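Notes for the one structure printed next.
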Amino acid sequence: MIKKILALSFIFICFFISCSGDGDSESSQSSATVWEQKSQMLENWADNFILPNYESLLDNLFSLEESISVFNNNPNQQHLDNVRYGWLEAYKSWQYVEMFNIGPAEQTFYHLKMNVFPTSVVNIEQLVASGDYSPLDNSPYNSAQGFPALDYLLYGLSENDSEIISTYTINVNYRNYLAEIIQRMISNTSYVLDQWSNYRTNFISSTENTATSSANKMTNDFIYYYEKGFRANKFGIPVGVFSAGNVFPEKVEAYYSQNVSRTLALEAMNAIDLFFNGNGSYSLKQFIDNFATDEMSNLSSEINDQFDLARTSIEGLDQNFVNQLNTDFLQMGITYDVIQAGTVLLKTDMLSVLQIATDYVDADGD
Numbered sequence: 327m328i329k330k331i332l333a334l335s336f337i338f339i340c341f342f343i344s345c346s347g348d349g350d351s352e353s354s355q356s357s358a359t360v361w362e363q364k365s366q367m368l369e370n371w372a373d374n375f376i377l378p379n380y381e382s383l384l385d386n387l388f389s390l391e392e393s394i395s396v397f398n399n400n401p402n403q404q405h406l407d408n409v410r411y412g413w414l415e416a417y418k419s420w421q422y423v424e425m426f427n428i429g430p431a432e433q434t435f436y437h438l439k440m441n442v443f444p445t446s447v448v449n450i451e452q453l454v455a456s457g458d459y460s461p462l463d464n465s466p467y468n469s470a471q472g473f474p475a476l477d478y479l480l481y482g483l484s485e486n487d488s489e490i491i492s493t494y495t496i497n498v499n500y501r502n503y504l505a506e507i508i509q510r511m512i513s514n515t516s517y518v519l520d521q522w523s524n525y526r527t528n529f530i531s532s533t534e535n536t537a538t539s540s541a542n543k544m545t546n547d548f549i550y551y552y553e554k555g556f557r558a559n560k561f562g563i564p565v566g567v568f569s570a571g572n573v574f575p576e577k578v579e580a581y582y583s584q585n586v587s588r589t590l591a592l593e594a595m596n597a598i599d600l601f602f603n604g605n606g607s608y609s610l611k612q613f614i615d616n617f618a619t620d621e622m623s624n625l626s627s628e629i630n631d632q633f634d635l636a637r638t639s640i641e642g643l644d645q646n647f648v649n650q651l652n653t654d655f656l657q658m659g660i661t662y663d664v665i666q667a668g669t670v671l672l673k674t675d676m677l678s679v680l681q682i683a684t685d686y687v688d689a690d691g692d
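Residue numbers (our numbering): 327 to 692.
Encoded structure:
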């Protein structure tokens, strides 16, 4: 059904004229209301989502660094298990940060240095052997660092743990590279977080309805993450949606550890849900509920219902997405379709209500 959305200003002009007859005065008041709610929403995003989630990630990265240091000084099974645990905790906290590719993160290409998968084993082994890590500053080596690189270093060097431990015991180059990767992750995250102390003021004051305003950019970034980082990268690409049905188990997130791919996807789903709903405060949901036309009055409920369906579908998958793809890839395809239905609600219907234009090109369709 073709949805006819009226501009917000027109809605409020008509509403207040019918109530009081003072159209000009009340229309100005409605504009102020929209501005105020945008400002409150941006403040909620900055103070209750972006900054705390970056801080949580950084804390987990510091804990991981400590575990890596202990392991490098004495490689053994217990210390390896501790590093793996710290890696997973940090990786889970990353799921709550990845969508915030705005401001300092966007300017420094931060996200491309943290979670490009599949990781490049060829580049990792080249850097380990050479001991020269300067290529990591260049974009072709983004896939040789971050969480996916740690996944390979902690799980992919051998099929059994004793050989992995032996590799680190014998070859100091692997220990050095492991330390280099976590140090870069901490440095990059610290920089973004530090820059937010100044960027925050500009972020929450940018309420105008333009392509470069904070509300418009963050909303687009949220949808882009849902569509690309979540829908496509975690599900669509591995299951072959964009490759004529050719399935790629090796392209799942956390391929080498394997048993955590569903865990990470569910954390990402939770992060999406929390951000949309604002944790009960000023949010996209509240904005939709306050300013949608009657025709769109149930939109936020429809979006949340679709999130619930997506979560249930993900929960029905094998905890190991490699196993899922090798035994029943069609089920992951169904999960992709459920998530895709949410893309339409967010990208088409929600943006119409918010009067925000899409600021990125979609090559694979809605």
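Heads up, the beta-carbon is just placed ideally off N, CA and C, and yes, glycines get one too. Computed from a predicted model, the values in this text were never measured in an experiment.
Self-check item: Rounded separation between G668 and Q657 - CA only
Solution: Locating residue 668 in the sequence shown gives position 342, counting from the first residue. Locating residue 657 in the sequence shown gives position 331, counting from the first residue. So the alpha carbons of these two residues sit roughly 18 Å apart.
Quiz prompt | Exposure label - V609; buried when at least 16 CB within 10 Å | solution = For this step, residue 609 is matched to residue 283 along the sequence shown. The sequence as given places Ser at residue 609; Val does not occur at that position. Per the 10 Å Cβ criterion, buried.
Quiz item: Is the region 375-390 touching the region 509-528 in the sense that three or more CB pairs, one from each, lie closer than 8 Å?
Solution: Yes, the region 509-528 touches the region 375-390.
Quiz item: Which residues bound the alpha helix (DSSP H) around D385?
Solution: In the sequence shown, residue 385 corresponds to position 59, counting from 1. DSSP places D385 in the uninterrupted alpha helix (DSSP H) bounded by 377-399.
Quiz item: Under a Cβ-count criterion, where at least 16 other Cβ atoms within 10 Å of its own Cβ denotes burial, should S540 be classed as buried or exposed?
Solution: Taking the sequence shown and counting its residues from 1, one reaches residue 540 at position 214. Buried, by the Cβ-count rule.
Quiz item: Roughly how many whole angstroms lie between the Cα atoms of D407 and L479?
Solution: The residue you call residue 407 lines up with position 81 of the sequence shown. The residue you call residue 479 lines up with position 153 of the sequence shown. If you take the alpha carbons of D407 and L479, they lie about 13 Å apart.
Quiz item: Taking the Cβ atom as the reference point for each residue, do Y494 and V454 lie within a distance shorter than 8 Å?
Solution: Here residue 494 refers to the residue found at position 168 when the sequence shown is read from its first residue. Here residue 454 refers to the residue found at position 128 when the sequence shown is read from its first residue. At least 8 Å separates the beta-carbon of Y494 from that of V454.
Quiz item: Taking just the CA atoms, how far does A597 sit from L519?
Solution: On the sequence shown, position 193 is the one that residue 519 refers to. On the sequence shown, position 271 is the one that residue 597 refers to. Spanning the two alpha carbons is a distance of roughly 19 Å.
Self-check item: Proximal residues to V423 (C-beta, below 7 Å), its chain only, five neighbours per side dropped
Solution: Start at 1 with the first residue of the sequence shown, and residue 423 comes out as number 97. The answer, listed in chain order, is N379, Y380, L383.
Quiz item: Under 8 Å between the Cβ atoms of F633 and D599?
Solution: Sequence index remark: in the sequence shown, residue 633 carries index 307 (1-based). Sequence index remark: in the sequence shown, residue 599 carries index 273 (1-based). Yes, the Cβ-Cβ distance between F633 and D599 is below 8 Å.
Quiz item: Y494 lies in the alpha helix (DSSP H); which residues open and close that run?
Solution: Here residue 494 refers to the residue found at position 168 of the sequence shown. Where Y494 is concerned, the enclosing alpha helix (DSSP H) stretches over 487-496.
Exercise. Pick helix, strand or coil for M425, following the three-state DSSP scheme.
Key: As a working mapping, residue 425 is identified with position 99 in the sequence shown. The answer is coil: DSSP assigns M425 none of H, G, I, E or B.
Practice problem: Below 8 Å on the Cβ atoms is my guess for M544 versus I428; work out the distance and round it to an integer in Å. | Solution: Translated into positions along the sequence shown, residue 544 becomes position 218. Translated into positions along the sequence shown, residue 428 becomes position 102. The pair is a contact, with the Cβ atoms about 6 Å apart (cut-off 8 Å).
Quiz prompt | Between the CA atoms of F613 and V573 - distance to the nearest angstrom | solution = By one-based count along the sequence shown, residue 573 stands at place 247. By one-based count along the sequence shown, residue 613 stands at place 287. Straight through space, the alpha carbons of F613 and V573 are spaced by roughly 39 Å.
Practice problem: Using a Cβ-Cβ cut-off of 8 Å, state whether L438 counts as contacting chain B. | Solution: Absent from the structure: chain B. Only one protein chain is present.
Exercise. Could you tell me whether the Cβ atoms of V442 and N464 are closer together than 8 Å?
Key: As a first step, residue 442 must be located in the sequence shown, where it is residue number 116. As a first step, residue 464 must be located in the sequence shown, where it is residue number 138. Their beta carbons are not under 8 Å apart, which means V442 does not touch N464 by this criterion.
Quiz item: Would you say R526 and A372 are within 8 Å of each other, going by their C-beta atoms?
Solution: In the sequence shown, counting from the first residue as 1, residue 526 sits at position 200. In the sequence shown, counting from the first residue as 1, residue 372 sits at position 46. A contact, by the Cβ cut-off of 8 Å.
Quiz item: Three-state secondary structure (DSSP) at F602?
Solution: In the sequence shown, the residue the question calls residue 602 occupies position 276. In this structure, F602 counts as helix in the three-state DSSP scheme.
Exercise. Can you have a look at Y503 and say buried or exposed, based on whether 16 or more other CB atoms are within 10 angstroms of its CB?
Key: Numbered from its first residue, the sequence shown carries residue 503 at position 177. Buried, since its Cβ has 16 or more Cβ neighbours within 10 Å.
Practice problem: If I'm right that V285 touches F397 with Cβ under 8 Å, what's the distance once you round it to whole angstroms? | Solution: Limits of the chain in this structure are 327 at one end and 692 at the other, which puts residue 285 out of reach.
Exercise. Note down, in chain order, each residue of its chain lying with its Cβ closer than 8 Å to the Cβ of I491, except the 5 sequence neighbours on either side.
Key: Within the sequence shown, the letter at position 165 stands for residue 491. Answer for I491: P401, N402, Q403, L406, listed in chain order.
Self-check item: C-beta atoms of P474 and P444 nearer than 8 Å
Solution: Translated into the one-based positions of the sequence shown, residue 474 becomes position 148. Translated into the one-based positions of the sequence shown, residue 444 becomes position 118. Closer than 8 Å, so yes.
Self-check item: Proximity below 8 Å, CB of N646 to CB of S607
Solution: Your numbering for residue 646 matches position 320 in the sequence shown. Your numbering for residue 607 matches position 281 in the sequence shown. Their beta carbons are not under 8 Å apart, which means N646 does not touch S607 by this criterion.
Quiz item: Between A580 and Y517, what straight-line distance do the alpha-carbon atoms span, to the nearest angstrom?
Solution: The count along the sequence shown starts at 1 and reaches residue 580 at position 254. The count along the sequence shown starts at 1 and reaches residue 517 at position 191. When only Cα atoms are considered, A580 and Y517 end up about 25 Å apart.
Quiz prompt | Contact set for E593: own chain, Cβ-Cβ below 8 Å, skip 5 residues either direction | solution = Taking the first residue of the sequence shown as position 1, residue 593 is located at position 267. Excluding sequence neighbours, E593 sits near K418, Q421, Y422.
Quiz item: Once you ignore the five residues that flank S395 on each side, which residues in its own chain have a CB closer than 8 Å to its CB?
Solution: Within the sequence shown, numbered from 1, the residue matching residue 395 stands at position 69. The residues are A505.
Exercise. Compute the beta-carbon to beta-carbon distance between S639 and V664, rounded to the nearest angstrom, for a pair I have assumed lies under 8 Å.
Key: Translated into the one-based positions of the sequence shown, residue 639 becomes position 313. Translated into the one-based positions of the sequence shown, residue 664 becomes position 338. That belief holds up - the Cβ atoms of S639 and V664 are roughly 5 Å apart, short of 8 Å.
Quiz item: Which word fits S446, buried or exposed, when buried means at least 16 other C-beta atoms lie within 10 angstroms of its C-beta?
Solution: Within the sequence shown, residue 446 is the residue found at index 120, counting from 1. The residue is buried, with at least 16 neighbouring Cβ atoms inside 10 Å.
Practice problem: Have a look at G312 and T674 and give me their C-alpha separation to the nearest angstrom. | Solution: As shown, the chain starts at 327 and ends at 692. That puts residue 312 outside it, with no answer to give.
Self-check item: Alpha carbon of N649 to alpha carbon of D547, nearest angstrom
Solution: The residue you call residue 649 lines up with position 323 of the sequence shown. The residue you call residue 547 lines up with position 221 of the sequence shown. C-alpha separation (whole angstroms): 31 Å.
Quiz item: So what's P444 in DSSP terms, helix, strand or just coil?
Solution: Your numbering for residue 444 matches position 118 in the sequence shown. When secondary structure is reduced to three states using DSSP, P444 falls in the coil class, being assigned neither helix nor strand.
Quiz item: Where does Q284 sit, in a helix, a strand or coil, going by DSSP?
Solution: The shown model of the chain, from 327 to 692, leaves out residue 284, and the question about it has no answer.
Quiz item: Helix or strand or just coil, what does DSSP make of A667?
Solution: Translated into the one-based positions of the sequence shown, residue 667 becomes position 341. Helix at A667.
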